[in-house]
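Asker: Handing you a structure now.
Structure below.
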């Protein structure tokens, strides 16, 4: 099925995007227009033209019946209550969730994001930005959404919590969810995503398999967009020094390759 | 170097939880000083304390003015601040109005306002943004405009609360260079908090805070000697520093290199 986008246009931000987000894949988004795309998918912005389908056309009716199918976690999300447990229960009441399974599900979701039950009694103002993001993920996963969109959350997470969220993303992929990640950290997108869409202004520079896109000549030669350091070192070494480095994803692999060739 | 700003044994607790205990550090004149804390380590709380928004235990001194309830006003005139939530800090719609506001409140003459705006916008390269609506600015431009606002009244020191968030890698690099330029050209010191090592590379001094206490201090290169400790604190090293350190370990590099092309040149020349 997937999340199918056809010829999507929005003001001067997106000029005709066509892309299929498939189940079990992590798709990275680069460039500020990506935030508009996420807002359109989440129903916060209205597209000018084009279509978005998740089994059926996503329109105003879709959000009335299937709003739980799409989760959007970003750092600007505002909590509507003061305490974590109240937020879980408030959101559950909005969606008519059964009470007898709710407590169990809430605890399971907290466990999934690596937090213990004591967090339920915490006030939001006492939580760090990392903890708020993890709670937000737990709340959003309560409803078993089909699509999980993550805004630029990695800048707000320390190294340990980044690893924790990457682990959650792995589990979501295994559960055949569609996961979409926007980040300003191009090295992170290069290392962890399966597919990528790179926006420059309103245009899609390139989209497709992450390794293929980021190691393509037109992306690595494009000085107007951020490019991953590991791929850039390889490209420069190959072009300038005629050294046959292989394109690697991780820094430890390029170190090994450099060691062999110096 | 003479001390401009001093924090001596800062203590702060919140809801019976100790956030900072006996935290001390100093900033010299025209210095860029970075305070590296893990996420959740109290970055915003620290900036709120240094800028007098939260009461402290009479332990903060700026150019011999001890920050107390009585001296608060005098102290505030000598500092500038950018908080984490950029959008919440704009009080007007247009960049030019935003810049005039602090000066008008301080009774600057028209000529002084004109001259100061010219100087600051030129240092920050935002002359072309004066007529822009604040809402239409990119995150990077918002940071530059807020920097201009915090500098416009000639403060002796400015405090920046993790202003690098939401910037792309290339914007981060540009901002780091810009901060260094401001310190060199505008007779001001800067204290910034961050969790990201890549933001501190031009700092004159770095303080690392762990669990509310000073854990490490020194130059950027001094701090890099403790890469394992930084990693345990949840502070991720930028990829080029990570690669440089590993290549140094294998004796393939002598120094940290931030630029990809330079690294290739050094490795294969």
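Chains as they are written, first to last, in the working numbering: chain L, 1 to 262; chain B, 1001 to 1269.
We put the CB at the ideal spot given by N, CA and C, even for glycine.
#1: Does the distance between the C-beta of residue 1174 of chain B and the nearest non-hydrogen atom of the ligand ZN fall short of 7 Å?
#2: Reducing DSSP to helix, strand and coil, say where residue 7 of chain L ends up.
#3: Restricting to Cα atoms, I'd like to know which of L:57, L:159 and L:14 is closest to residue 1 of chain L.
#4: By Cβ distance below 8 Å, which residues in the same chain neighbour residue 1010 of chain B in space, the five residues on each side in sequence not counted?
#5: Is the segment 1196-1209 of chain B touching the segment 1139-1151 of chain B, taking contact as three or more C-beta pairs under 8 Å?
#6: Within its chain, find whatever has a CB closer than 6 Å to the CB of residue 1240 of chain B; leave out the 5 residues flanking it on each side and keep chain order.
#7: For residue 1028 of chain B, does the three-state DSSP call read helix, strand or coil?
#8: Comparing C-alpha positions only, which one of L:248, L:133, L:201 and L:38 sits nearest to residue 212 of chain L?
#9: How would you write the range of the alpha helix (DSSP H) that residue 280 of chain L sits in, first residue to last?
#10: Does the beta carbon of residue 1242 of chain B come closer than 8 Å to any beta carbon on chain L?
#11: Report all residues from its chain with a CB closer than 7 Å to the CB of residue 1210 of chain B; omit the five preceding and five following residues, and keep chain order.
#12: So what does DSSP say about residue 167 of chain L, is it helix, strand or coil?
#13: Express the C-alpha separation of residue 185 of chain L and residue 230 of chain L in angstroms, rounding to a whole number.
#14: At what residue ranges does the segment 1077-1129 of chain B contain a whole run of the beta strand (DSSP E), taking only runs of 3 or more?
#15: Note down, in chain order, every chain L residue with its Cβ under 9 Å from the Cβ of residue 1040 of chain B.
#16: Under a Cβ-count criterion, where at least 16 other Cβ atoms within 10 Å of its own Cβ denotes burial, should residue 117 of chain L be classed as buried or exposed?
#17: Do we get a CB-CB distance below 8 Å when we pair residue 1167 of chain B with the residues of chain L?
#18: Got a sec? Which residues, its chain only, sit under 7 Å from residue 95 of chain L by beta carbon, not counting five neighbours each side?
#19: Mind pulling the chain L residues with CB within less than 7 Å of residue 1260 of chain B?
#20: Identify the residues that DSSP records as bridge partners of residue 1193 of chain B: which are they?
#21: In the DSSP assignment, find the unbroken alpha helix (DSSP H) run with residue 186 of chain L in it and report its ends.
#22: At the level of alpha carbons, what is the spacing between residue 123 of chain L and residue 149 of chain L?
#23: Could you tell me whether the Cβ atoms of residue 31 of chain L and residue 199 of chain L are closer together than 8 Å?
Answerer: Taking the definition as stated:
#1: This structure lacks the ligand ZN; in fact it carries no ligand of any kind.
#2: Start at 1 with the first residue of the first chain, and residue 7 of chain L comes out as number 7. In the structure shown, residue 7 of chain L sits in a strand (DSSP, three-state: E or B).
#3: Residue 1 of chain L sits at position 1 when you count from the first residue of the first chain. Residue L:57 is the option with its Cα nearest to residue 1 of chain L.
#4: If you number the second chain from 1, residue 1010 of chain B lands on position 10. Closer than 8 Å at the Cβ level, and outside the excluded window around residue 1010 of chain B, lie 1020, 1022, 1023, 1024, 1049, 1056, 1057, 1059 and 1060.
#5: no
#6: Walking along the second chain from the start, residue 1240 of chain B turns up at place 240. Excluding positions up to five away in sequence, the list reads 1258.
#7: Walking along the second chain from the start, residue 1028 of chain B turns up at place 28. Here residue 1028 of chain B sits in strand by DSSP.
#8: The residue labelled residue 212 of chain L in the question sits at position 212 within the first chain. Comparing Cα positions, the closest option is L:248.
#9: With chain L covering only 1 through 262, there is no way to say anything about residue 280 of chain L.
#10: Position 242 of the second chain, counting from 1, holds the residue named residue 1242 of chain B. Taking Cβ atoms only, chain L reaches closer than 8 Å to residue 1242 of chain B, which makes this a yes.
#11: In the second chain, counting from the first residue as 1, residue 1210 of chain B sits at position 210. Only 1233 meet the Cβ criterion.
#12: Locating residue 167 of chain L in the first chain gives position 167, where the first residue counts as 1. The answer is helix: DSSP assigns residue 167 of chain L an H, G or I state.
#13: One-based indexing of the first chain puts residue 230 of chain L at position 230. One-based indexing of the first chain puts residue 185 of chain L at position 185. Between residue 230 of chain L and residue 185 of chain L, the C-alpha separation is close to 13 Å.
#14: 1079-1082
#15: As a first step, residue 1040 of chain B must be located in the second chain, where it is residue number 40. Going along chain L in sequence order, the residues near residue 1040 of chain B (Cβ under 9 Å) are 127, 128, 129, 130, 131, 158 and 161.
#16: Counting from 1 along the first chain, the entry for residue 117 of chain L is found at position 117. Residue 117 of chain L should be labelled exposed.
#17: By one-based count along the second chain, residue 1167 of chain B stands at place 167. With 8 Å as the cut-off, residue 1167 of chain B counts as an interface residue toward chain L.
#18: Here residue 95 of chain L corresponds to residue number 95 of the first chain, with the count starting at 1. Cβ within range, chain order: 68 and 143.
#19: Position 260 of the second chain holds residue 1260 of chain B. Per Cβ cutoff of 7 Å: 229, 232, 233 and 236.
#20: To locate residue 1193 of chain B, count along the second chain from 1; it is residue 193. DSSP, once it has assigned bridges, lists B:1035 and B:1161 as partnering residue 1193 of chain B.
#21: Counting from 1 along the first chain, the entry for residue 186 of chain L is found at position 186. Where residue 186 of chain L is concerned, the enclosing alpha helix (DSSP H) stretches over 186-192.
#22: Mapped onto the first chain, residue 123 of chain L falls at position 123. Mapped onto the first chain, residue 149 of chain L falls at position 149. Going by the C-alpha atoms only, they are around 25 Å apart.
#23: Locating residue 31 of chain L in the first chain gives position 31, counting from the first residue. Locating residue 199 of chain L in the first chain gives position 199, counting from the first residue. Yes. Within cutoff.
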